[in-house]
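A short write-up of the structure that comes next.
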Amino acid sequence: MQTIEVTSIKDGTILEQLNNCLGGTLSESWGERTLQFNNTLGKGVVRSISFDWGVSLLDCDVKFNEDVKIVFKASTVPPVEFIFISKGKFKYGPDEDEAFIDLEQYQNIIISPKRYATKTFLFPPNQQVKVNFIRIYKKEYLKKKNNNVTSLNELLLSVFNDENSNLPYKHAGGFNLKIADEIKAMNAIDNEGMLRTLSLEGRLYLILAMQLMEHHDFENKNILPESISKEDIKKVYRLSDYIVDNISDPISIARLSQQSGLSPKKLQLGFQVLYSKSVNEYVRQLKLEIARDYLKNTDLSVSEIVYAIGIRSRSYFSKIFAESYGILPTDYRKQLKQLS
Numbered sequence: 002m003q004t005i006e007v008t009s010i011k012d013g014t015i016l017e018q019l020n021n022c023l024g025g026t027l028s029e030s031w032g033e034r035t036l037q038f039n040n041t042l043g044k045g046v047v048r049s050i051s052f053d054w055g056v057s058l059l060d061c062d063v064k065f066n067e068d069v070k071i072v073f074k075a076s077t078v079p080p081v082e083f084i085f086i087s088k089g090k091f092k093y094g095p096d097e098d099e100a101f102i103d104l105e106q107y108q109n110i111i112i113s114p115k116r117y118a119t120k121t122f123l124f125p126p127n128q129q130v131k132v133n134f135i136r137i138y139k140k141e142y143l144k145k146k147n148n149n150v151t152s153l154n155e156l157l158l159s160v161f162n163d164e165n166s167n168l169p170y171k172h173a174g175g176f177n178l179k180i181a182d183e184i185k186a187m188n189a190i191d192n193e194g195m196l197r198t199l200s201l202e203g204r205l206y207l208i209l210a211m212q213l214m215e216h217h218d219f220e221n222k223n224i225l226p227e228s229i230s231k232e233d234i235k236k237v238y239r240l241s242d243y244i245v246d247n248i249s250d251p252i253s254i255a256r257l258s259q260q261s262g263l264s265p266k267k268l269q270l271g272f273q274v275l276y277s278k279s280v281n282e283y284v285r286q287l288k289l290e291i292a293r294d295y296l297k298n299t300d301l302s303v304s305e306i307v308y309a310i311g312i313r314s315r316s317y318f319s320k321i322f323a324e325s326y327g328i329l330p331t332d333y334r335k336q337l338k339q340l341s
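Numbered by the numbering used here, the letters in the sequence shown go through residues 2 to 341 in order.
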């Protein structure tokens with residue numbers, strides 16, 4: 002495992018200290034600092050840009066070849082961090098003596114370690130991780146005119162006011178694809194100069210507002226229409242076994258909704274979060290995977306396999322099988338026999 006220590010809370014210095022271990026190249030353009038690396042440890046891009054009133058963005062797109070632990074040892078008050086993972090996942094340790102917790106893709110996360118505490122992120126090997134950190138330096142932000150932090154709930158307000166500096170704060174809320182869409186749009190900005198800076202800042206504040214909205218509704222147990230809770234994700238995950246067990250039956254969204262207790266909209270959102278597919282796309286792909294196994298491991302005819310996976314048209318099955326695997330099912334079986 003590679004351990005990287007960072008002793009600064011300033012974005013620019015963080016990149017410099019990361020680069021001491023990552024051995025990449027640093028560049029700067031239009032107020033953005035970018036670290037790029039590609040070596041035996043892994044490859045990726047980390048960029049940072051700071052705005053007024055103590056707001057900054059730290060954006061990472063990395064893939065390591067081994068476990069990498071990044072340890073932050075702050076000697077000053079750390080910022081509040083609004084974290085959103087667009088791809089992959091990693092672990093967070095709020096202090097040296099506390100257990101790691103999973104930070105997951107599409108989950109709305111807010112952290113504020115206790116003052117002068119050690120903070121650790123553990124990145125897994127061979128997994129691309131795309132993550133945005135919106136960092137707010139509390140004292141600077143409170144100087145902002147019309148900051149309106151008093152509208153936050155009591156606990157988060159105390160974090161901004163630094164009232165409980167010896168207590169860490171962590172919010173691992175719902176899963177939200179709308180935030181993921183906004184981050185994708187922010188990362189796609191390709192203007193230069195003033196247009197780029199203004200576009201990035203505008204998107205950043207929109208994303209921050211959405212994360213605060215999700216936090217407010219999560220704490221008040223009002224899940225947004227475009228959000229889904231961890232418990233609902235578990236219900237969606239359990240449906241995969243149900244679909245396999247009933248693969249020969251017509252499997253409709255209404256049936257899965259009744260089985261899981263989730264609304265059709267929540268069901269679709271859950272499948273997008275877990276599998277990046279709609280319900281129908283996931284069911285179809287599962288049917289095709291089972292059919293491929295039948296072709297490989299049984300003597301069932303294609304017609305029997307079509308019936309076994311709950312598809313009523315052999316021609317339709319052949320069409321979608323060829324679209325997915327680039328070969329007709331009959332040719333696939335012939336190819337397997339030639340290889341055996």
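Even for Gly, the Cβ is constructed at its ideal location relative to N, Cα and C.
Please read all numbers here as calculations on a predicted model, not as lab measurements.
> For the alpha helix (DSSP H) that glutamate 6 lies in, which residues bound it at each end?
Replying inline: Segment 3–7 is the beta strand (DSSP E) holding glutamate 6; no alpha helix (DSSP H) there.
>> DSSP has histidine 172 in a bridge; who is on the other side?
In response: Looking at the DSSP assignment, histidine 172 forms a beta bridge with Ile111.
> Near isoleucine 229, which residues of its chain fall below 7 Å by C-beta distance, leaving aside the five closest residues on each side in sequence?
Replying inline: So the list reads Gly175, Phe176, Lys267, Leu270, Gly271 and Val274, once near-sequence residues are dropped.
> Mind checking alanine 292: buried by the 16 CB within 10 Å criterion, or exposed?
Replying inline: Classification of alanine 292: buried, given that the 10 Å Cβ count is 16 or more.
>> Going by the DSSP bridge assignment, what does leucine 123 pair with across the sheet?
In response: When DSSP reads this structure, leucine 123 sits in a beta bridge with Lys70 and Lys92.
> glycine 25: buried (16+ other C-beta within 10 angstroms of its C-beta) or exposed?
Replying inline: A residue is called buried once 16 or more other Cβ atoms fall within 10 Å of its Cβ, and glycine 25 is buried on that count.
> How many Å lie between alanine 255 and serine 264 at the Cα?
Replying inline: 9 Å
> Can you give the Cα-Cα distance for isoleucine 328 and proline 95, rounded to whole angstroms?
Replying inline: About 51 Å.
> Hey, leucine 16 and valine 46 are a contact pair by Cβ (cut 8 Å); roughly how many whole angstroms apart?
Replying inline: Contact flag wrong, Cβ pair sits at about 11 Å.
> Secondary structure at valine 280, three-state DSSP: helix, strand or coil?
Replying inline: It is helical.
> Beta-carbon separation of lysine 139 and asparagine 162 under 9 Å?
Replying inline: yes
> According to the neighbour-count rule (16 or more other Cβ atoms, all chains shown, within 10 Å of its Cβ), is glutamate 215 buried or exposed?
Replying inline: buried
>> So, with DSSP's three-state summary, where would you put glycine 55?
In response: The answer is helix: DSSP assigns glycine 55 an H, G or I state.
> If you run the structure through DSSP and keep just helix, strand and coil, what is isoleucine 312?
Replying inline: coil
> Looking at the unbroken alpha helix (DSSP H) that takes in glutamate 141, where does it start and where does it end?
Replying inline: 139–143
> Pairing CB atoms from the segment 24–39 with CB atoms from the segment 69–85, are three or more of them under 8 Å?
Replying inline: no
>> So the candidates are Leu104, Ser113, Lys179 and Trp54; which of them puts its Cα closest to the Cα of lysine 146?
In response: Trp54
> Buried or exposed: arginine 334, going by 16 or more other Cβ atoms within 10 Å of its Cβ?
Replying inline: buried
> Where does threonine 121 land, buried or exposed, given buried means 16+ other C-beta within 10 angstroms?
Replying inline: It is buried - the Cβ of threonine 121 has at least 16 other Cβ atoms within 10 Å.
>> Suppose the cutoff is 6 Å on Cβ atoms and the five residues either side in sequence are ignored; what does the same chain contact list for serine 57 look like?
In response: Asp12, Ser51 and Arg136
>> Taking the beta strand (DSSP E) that glutamate 193 belongs to, which residues open and close that run?
In response: Element bounds for glutamate 193: n/a, residue is neither H nor E.
>> Quick check: the Cα distance between serine 325 and serine 253, rounded to an integer number of angstroms?
In response: Rounded to whole angstroms, serine 325 to serine 253 spans 21 Å at the Cα level.
> Contact check, valine 237 vs serine 261 under 8 Å by CB: the rounded distance?
Replying inline: Correct: roughly 7 Å between the Cβ atoms.
> What is the DSSP secondary structure of glutamine 37, counted as helix, strand or coil?
Replying inline: strand
>> Based on DSSP bridge pairs, tell me the residues matched to serine 30.
In response: Glu33, per the DSSP bridge assignment.
>> Going by DSSP in three states, asparagine 133 sits in which element: helix, strand or coil?
In response: strand
> Exposed or buried, what is glycine 203 when buried is set at 16 or more other beta-carbons lying within 10 Å of its beta-carbon?
Replying inline: Here glycine 203 is exposed, its C-beta having fewer than 16 other C-beta atoms within 10 Å.
>> On the DSSP bridge list, what partners appear for aspartate 250?
In response: DSSP, once it has assigned bridges, lists no residue as partnering aspartate 250.
>> Do lysine 90 and phenylalanine 342 have their beta-carbon atoms positioned less than 9 Å apart in this structure?
In response: With the chain covering 2 to 341 only, the question about residue 342 has no answer from this structure.
>> If I follow the unbroken alpha helix (DSSP H) through aspartate 300, where does it start and stop?
In response: Premise fails: aspartate 300 is in no alpha helix (DSSP H) and is neither H nor E.
> Under three-state DSSP, which class holds leucine 104?
Replying inline: strand
> If you draw a straight line from the C-alpha of aspartate 68 to the C-alpha of serine 304, how long is it?
Replying inline: When rounded, the distance between both Cα atoms is 48 Å.
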